Structure formats: C-alpha cells, structure tokens
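Mind the numbering: the sequence shown is residues 1 to 525 in the UniProt record's numbering, read in order.
Virtual Cβ for every residue (Gly too), placed ideally from N, Cα, C.
These figures come from a predicted structure and were not determined experimentally.
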Amino acid sequence: METKAISFGRSLAVPFVQELAKKGLTSVPPRYVHHDQDPPIISLDFCSPQVPVVDMQRLLSEDFTDSELQKLDQACREWGFFQLINHEMSSRLVGKVKLETEEFFKLPMEEKSKYVQQEGDVEGYGNMFVLSDDQKLHWGDRLYFTTSPPHLRKPHLFPNLPPSFRESLEAYSTGLINVAARILRLIGKNLRMDDNEMTLLSEGRQSMTFNYYPPCPQPEQVIGLPPHSDASGITILHEINDVQGLQIKKDGMWIPVKPLPNAFIINIGDALEILSNGTYRSIEHRVTVNSLKERISIATFCSPKMDGEIGPAPSLVTLETPAMFRRISVVDYIKALALQMHGNKGCLEKERIALLTIKPFIINATILYYSDDNNRTIESWVDDRVSNCCDWYRVECNTTTGRVMNLSLSGLLYGSTTILNFSLFQPLEQLQILDLSDNIFEGWVASRGLGNLRNLEFLDLGENLMMISSLQELGGALANLINLKFLDLSGNRMSGSLQQENLRNLKFLDLSSNGMNGSLQELGN
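Here it is in structure tokens:
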C-alpha cells in the first residue's frame, strides 16, 4: 500500500537571510546572535586530523575491494564521516546541478517565493523548525523537499521547479539513489548483515536540502546550523562552491572538513546507527559561516522506507550483543522526530529509544526495590511517542542540545542475577554522569559500550558485589574515557591487575572492599 505524502514538521515564516545580507549590514541583528555555542573554527588547521577518504572505484575493483572495504569500515566506526571519490556520477550532470543550484539562489525573491513553505509544513523554501517569535535563528536559507519515491513529492515543489532544473535533479536523484544503494550494500557486507536487512534504507525515502549561507559581518556570533546529528540512514553532501563550513565533533573537538574536488561527503545517520545496533554511530556536526564568501551545498538524505520498521538488524542481535534499541514503525519514528523538533529542547529520538531499551533491562532484573522513588522511575519512562525523555525521572539533559548528560540508576535492583551490559548505554554519546551503584549485578559484559562513552566524567559502580575477573578488559575500556575524573569501584569482587596509565586523568578513585592485586591495588593505596 502506498504511503501518502505527509508533513514532516512545520516552521514559522521569518526574514530570508540572503535578502538581509544584501543590505550591507555591519553587525548581526540580535535574533541571530548565539552566545551559547562553542567558538567556531573559521579556518582549517592542516595539522588537525582529516576525514577519511574512500574510493568507490577501488571498492568495486577485485584487486582492491578488501583493503578499501576495511577503510570504509574504519571510517564508519571511528569517524561516522568520509569523503567519497570516484563515485561514478557523471561529472557533466554534477556540474549542471551545481550551476542550476547557484542560479536558483540568484533568482529574484518574487520567483523564489513560489516555493515558500506553506503553513504547517517544513518542506519548501525558508528556514526550518522555527516555532516561536523569540527563537534564535540560523544564518542561512534552505529549500527542502522530498525527491523519491515520486508519490511523496509535494506538487508545488519538485514538480513545479524550472524545467531544466527539474530535469537535472531527476537524473541527479536517480544517480544518488544508486550511489547510496552501493554504499549501503557494502556497509551491510562489512557489518555481516543479511542481504535483505539493508533494504529498509537502500529502498527508502530520499529528500534534499539546498542550503545557502550568505557572508556574515560577524561570523563568530552566528551559526549556519547548530550542532545536530542526522535522522537519516546516510546523508550525501555535495559542496557546491567548495567554501568550508562543515565541522564534525570528534573526541570532544570540532574538526573542520576540507571538501575534496568532485567528492561527496557522506555521514552515518541515526537510522543506520540503530540498524547497525550501535556499531556505527551518527556523529554530531554543525555549520559555520564565512565573512567574505557565500557557502552553498546540497544535502541528500537517504531515510528508511515509510512503511517499514526501524530497529537493530536481527542478524546483529545475539546474547553477547543484545539489542541496544527497541523496534518501532518508521512512521512513529518520523512523528517522534517532528515532535522533538517542535518541542522544545527534548531529547534526541535515538536516545529516547535507547532509554526505553534500558527500561525492560531494569524491570526484568528479577528483584526490584519497590519504593515510591523506584516506582516513579519506571512509571515516568513512558512509550507514548510524545513525552520528552529529558523530563523523565533520574534523567538530566543539556538544556541547549537536548542530549542526555546524567543518568542516575542507583539502588534500583537487589539480589539480582542480572549481567550489566554496557552496550545499552552506548547510544548516549554525550553522557557525562552514570551512576549504577547499589544494584548487586552478577557481572558485566560489552566493554566496547563502556569505552565509547568518551565524554563520561563520573562513573559509579560501587556496592554491586560485581565479579570482574579480567581487569585488563575493564582497563582497556577505561583507557578510552579520557575525560573520566571520578571512578567508584568499591564493594565489588575484582581481581587481576590494571595499568596505572589507564586511570591517569582521575581526580577521585575508590577501590575499597575489593580483593585485588597488582598495580590497581598500588594505585588505590
């Protein structure tokens, strides 16, 4: 059954930044000033790490497939971003789309106004997800619409474009569908997924955003796009005029991306993070602007099929790697995203899904302390597609980004034989405080999940009587937590040894009431 065209959100009408910039401003209007952002990095430091480069021709070559697949896997695991060269899209077609995109933004305002967002709909020309008259605005305009499948196109947008532009985009859309399908197939091969499991994304919905960021007299005061992750499976970015602005967050640092000529920049989105069961992560990124040059880009979003369900691929779920996300319909996933963007500073949908995956882990842990406090915890974590998980009991979020920062689950379980699986917490990438004390866990698994919580500053595992026989494995995970300052391992059953350098940044360490030996004991004295 065909899914009818639906609204993916709404946005209030605001002044067009391109028209504002034409006035020759010397300072930025107050509504565009963002005081709460990290300082922008305007120019590229060539000593900084660079986004990996993947060669499509080598991926498809019998002689180089294995080595290039390894590069692709490493890029997806460690960066969530890569630049794709030799992508086999016609250079003539790509050049034509580039010129016609530039021509679109040169059109008089009365021509572009034919595509202005309609009331109650985010698709069209304007700014996205402006919900109140006092909301801070971004320094950029964008044209956004669905391109595939055709029955989801809005009649006044894609079908109504100038004929030459529409014809070029039709071919460009088809070409990118093929590029995405190839990349997703190879990603599925790297993940060892069953062949049919990637069709959720490879046969899914495609949409495009045409971004225009005018020069700004005070670029350090504004933001083109604030920090965010994409809800798509993958996003394919085409830098139209090679002006830098995209920055990705890696290991707590903003890294500028220098676009290569004739390359596409591809990133992992939330949907693929969920489908890969957290093996590949959707990385936070933002857009800064330039004081002298405009920046133009096209972002193509490859999203799940509207009539499908999204969740971890069944082939990736085992006893050792349980599901990190629950399964929901794609329609509910989209609705929740729209509510999140319309809400407030509510938590990310992928983090809400992750918390709801943690909930049954708590409930099913044999014995639960039935106190008013604990009942409040369980009852507030509701799966109603509407509630903001930042308001849930024992959950605290960053009020600006909506990312979960503090999770306090101490004293919930007693007499449990539950194994603590750290992979459940892996989607909470910005988590700084995790308190799991006083729960009496039998043991633990999935050090990878713990090691990926790179922003963690406070970790309390005290008074769990938890048996950890391999402290080397724990130490390997802790070594990745470069921001960890507080660690409580007291009241457990730990043995083995741990190198001191794995804990070099700690300010507080409690190892009391443990039977330990080796360098860990020495460090605790």
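- Residue pairing of Asn464 in beta bridges, as defined by DSSP: absent, with no partner found.
- Contact between Leu246 and Val287 holds: their C-beta atoms lie close to 6 Å from each other, under 8 Å.
- Membership of Cys389 in any beta strand (DSSP E) is not indicated, and neither H nor E is assigned to it by DSSP.
- Of the candidates Phe16, Leu176, Ser148 and Ile265, Ile265 places its Cα closest to the Cα of Val54.
- Selection Thr318, Glu320 and Met306 evaluated against Ile334 yields Met306 as nearest (Cα-Cα).
- For Thr279, there is no enclosing alpha helix (DSSP H), as DSSP marks it with neither H nor E.
- Taking a contact to require three or more Cβ pairs closer than 8 Å, the segment 49–65 and the segment 77–84 qualify as touching.
- Counted as a single uninterrupted DSSP element, the beta strand (DSSP E) harbouring Ser297 occupies residues Arg295 to Ser303.
- Residue range Arg205 to Tyr213 is occupied by the beta strand (DSSP E) that includes Ser207.
- Around the beta carbon of Val395, 16 or more other beta carbons lie within 10 angstroms, which makes this residue buried.
- Bounds of the beta strand (DSSP E) holding Gly126 are Gly124 to Gly126.
- One Cα belongs to Lys136, the other to Lys112, and the distance between them is close to 24 Å.
- A residue is called buried once 16 or more other Cβ atoms fall within 10 Å of its Cβ, and Glu123 is buried on that count.
- Bridge partners of Tyr144 according to DSSP: Gly124 and Thr209.
- By the Cβ neighbour-count rule, Val222 is buried, with 16 or more other Cβ atoms within 10 Å of its own.
- Under the criterion of beta carbons closer than 8 Å, Ser513 and Ile255 do not qualify as touching, at roughly 43 Å.
- The C-alpha of Met89 lies about 45 Å from the C-alpha of Glu457.
- In its chain, beyond the 5 residues on either side, Pro52 have a beta carbon closer than 8 Å to the beta carbon of Gln74.
- Annotation: the continuous alpha helix (DSSP H) that includes Gln57 extends over Met56 to Leu59.
- Looking at Gly476, Asp510, Arg493 and Met466, the one whose alpha-carbon comes closest to that of Lys485 is Asp510.
- Restricting attention to Ser207, Ala313 and Ser282, the CA atom closest to the CA of Glu351 is found in Ser282.
- For Cys397, the secondary structure class from DSSP, reduced to helix, strand or coil, is strand.
- Distance from the CA of Leu424 to the CA of Gly449, rounded to the nearest whole angstrom, comes to 7 Å.
- With contact defined as three or more Cβ pairs closer than 8 Å, the segment 288–300 and the segment 323–337 are not in contact.
- Residue nearest to Leu316 within the set Asn277, Asp332 and Gly308 is Asn277 (criterion: CA-CA distance).
- Separation of Thr300 and Gln70 (C-alpha to C-alpha, rounded to the nearest whole angstrom) is 25 Å.
- If the five residues before and after Asn190 are omitted, its C-beta is found closer than 8 Å to the C-beta atoms of Leu69, Leu72, Asp73 and Cys76, all from its own chain and listed in chain order.
- Collapsing the DSSP output to three states places Glu220 in a helix.
- Following the DSSP letters along the chain, one finds Ile177 inside the alpha helix (DSSP H) bounded by residues Pro163 to Leu191.
- DSSP places Asn452 in the coil class of the three-state scheme, outside both helix and strand.
- The residue from Leu337, Ile310 and Ser27 with its alpha-carbon nearest to that of Asn388 is Leu337.
- Residues Cys216, Pro217, Gln218, Gln221 and Val222 of the same chain have their beta carbon placed closer than 7 Å to that of Val28, with the five preceding and five following residues left out of the count.
- The C-beta distance from Pro227 to Thr399 rounds to 14 Å, too long to meet the 8 Å contact threshold.
- In this structure, Phe165 lies away from Met208, with their beta-carbon atoms at least 9 Å apart.
- The DSSP-derived three-state label of Ile240 is coil.
- In this structure, the alpha-carbon of Ala21 lies about 20 Å from that of Ile240.
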